[in-house]
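Numbering (this note's numbering), first residue to last: 10 to 504.
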Ligand code: ADP
């Protein structure tokens, strides 16, 4: 083995036991001496390594760079260099080394050999490569999300927990000029040309979707109009969700704005159509019913003609009920549901409604009973509340099953008067429960079984209860029955 000129044991020991790979390299590139760490790194024993040139151990792609620097050092242009390069392990795999080379000169200043230190950085390189890959993946995801963010047809907005707008997509930015023609200062709750669905009432700060979201609310399908000019206004349906950090802390809110102008205009047209058709039909129908009444009372007609006239009369009366339901819905659409409130004995009203339903219930094989636990008087619109009772009772009978029962409960509750209509009928499918108060909604089973109806009854119930500032809810189980509960304030605010 080669020994340095002064041959001290101390030097050899240091070289051999260094935890970093070390080698003495001749001016021709041949390894003159190597330590254990370097042998371990490349999987060779010292004897195999010491008769090889570093060129043989270097990965072909890194050889030129190493030779270039090595040549400069031999030529005396540089005294040392550092290079990250790949070595070839005995078994063929690549080992990454961080190489530092220094030229050793003899006492006369002439180059004698090189001393090289090689730190195994394979693991570190692997981590770096993984990091580069991960960064590329993150960047790709970011670009994809960015592209989606900007191309979706929904306006998206992210608001910080302090109410400041943090990000919005192109769609949202473009949509802001209609409600805020003079610009927006980037803080939630700014007032603008934003109207409730009636198209007349301007929204206050508390009603603005962005403000509600910043207050921590989550909602779906919050609809309103934006824009000053009623002819060019746009309608939006907005949803909001809270954005939370890993520990559940609130970071802000995300809002999605869907433009639904065509849908809202179609609903308006439908309302206007329903309203005008029902108005137009009512007058001739009133005349038909008047003449039918006269005819039915006519004594000179053969009895079979009278029987047939009664059928016509029954159907004409059904038509009138249907028309008045349609008119009611039209009025609610135009925000014109007027209440005429006066003190009403609700127990008497309930009893009247139940007695009117009893014959139909009995014909369907149902028992009907009333539990008037209290005898409250309320300041309500008796005609409208009777309509609520009639609709709930007729549904309880219509969707009831022979042998079952219908129960009406009237309670003077702590907060409000409670009215309950309970049946033991077919019940409502869980996915349909939230829709039953919708206009023209009919349950799948009701349609499949051809149970007659228009899908307006519960909508009318909902609008009357809402006009009294009450609340109607439903609880139902398929095959076991439904319970509709109305909480009615003791005194309605309307005149
Ligand atoms: P209609 O009875 O004319 O269909 P409603 O507005 O009164 O319209 O009711 C809407 C839907 O709600 C019905 O089609 C039916 O599916 C469901 N429903 C209402 N009341 C009941 C009830 N008591 N039991 C079961 N389903 C009901």
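We put the beta carbon where it would ideally sit given N, CA and C, even for glycine.
Asked: Counted within 10 angstroms of its Cβ, other Cβ atoms place residue 146 as buried (16 or more) or exposed; Found: exposed
Asked: Residue 432 beta carbon near the ligand ADP (any heavy atom closer than 8 Å); Found: yes
Asked: Alpha-carbon spacing of residue 437 relative to residue 490, whole angstroms; Found: 8 Å
Asked: Whole-number beta carbon distance between residue 245 and residue 268, since they are thought to touch under 8 Å; Found: 6 Å
Asked: Simplified DSSP state of residue 12, which is helix, strand or coil; Found: With a pLDDT of 49 at residue 12, under the threshold of 50, the modelled position of this residue cannot be trusted; read the value that follows with caution. In this structure, residue 12 counts as coil in the three-state DSSP scheme.
Asked: First and last residue of the uninterrupted alpha helix (DSSP H) at residue 290; Found: 270-306
Asked: Residue 280 versus residue 464: straight-line alpha-carbon distance, rounded; Found: 15 Å
Asked: Distance, residue 79 Cα to residue 124 Cα; Found: 12 Å
Asked: Continuous beta strand (DSSP E) assignments of at least 3 residues falling wholly in the region 155-217; Found: 164-169 and 174-177
Asked: Segment limits, beta strand (DSSP E) that includes residue 32; Found: 30-34
Asked: Classification of residue 247 by the beta-carbon crowding that lies within 10 angstroms, buried from 16 upward; Found: buried
Asked: Whether residue 203 touches residue 174 by CB criterion (9 Å); Found: no
Asked: Residue 58 classed as buried or exposed, judged by whether at least 16 other C-beta atoms fall within 10 angstroms; Found: buried
Asked: Cβ separation of residue 339 and residue 404, assumed to be a contact under 8 Å, to the nearest whole Å; Found: Contact flag wrong, Cβ pair sits at about 22 Å.
Asked: The ligand ADP heavy atom lying under 8 Å from the CB of residue 454; Found: yes
Asked: Neighbourhood of residue 252 by C-beta distance below 8 Å, restricted to the same chain and skipping five residues each side; Found: 167, 259, 260, 261, 262 and 263
Asked: Nearest-angstrom Cβ-Cβ length linking residue 462 and residue 455, presumed shorter than 8 Å; Found: 6 Å
Asked: Pairwise C-alpha distance: residue 294 and residue 325; Found: 7 Å
Asked: Where residue 37 falls, given that 16 or more other Cβ within 10 Å makes a residue buried; Found: exposed
Asked: Contacting residues, own chain, Cβ-Cβ under 7 Å from residue 352 (five flanking each side not counted); Found: 386 and 388
Asked: DSSP state of residue 439 mapped onto helix, strand, coil; Found: helix
Asked: Pairwise C-alpha distance: residue 121 and residue 53; Found: 25 Å
Asked: Through-space distance from residue 494 to residue 479, alpha-carbon basis; Found: 10 Å
Asked: Whether residue 140 touches residue 29 by CB criterion (9 Å); Found: no
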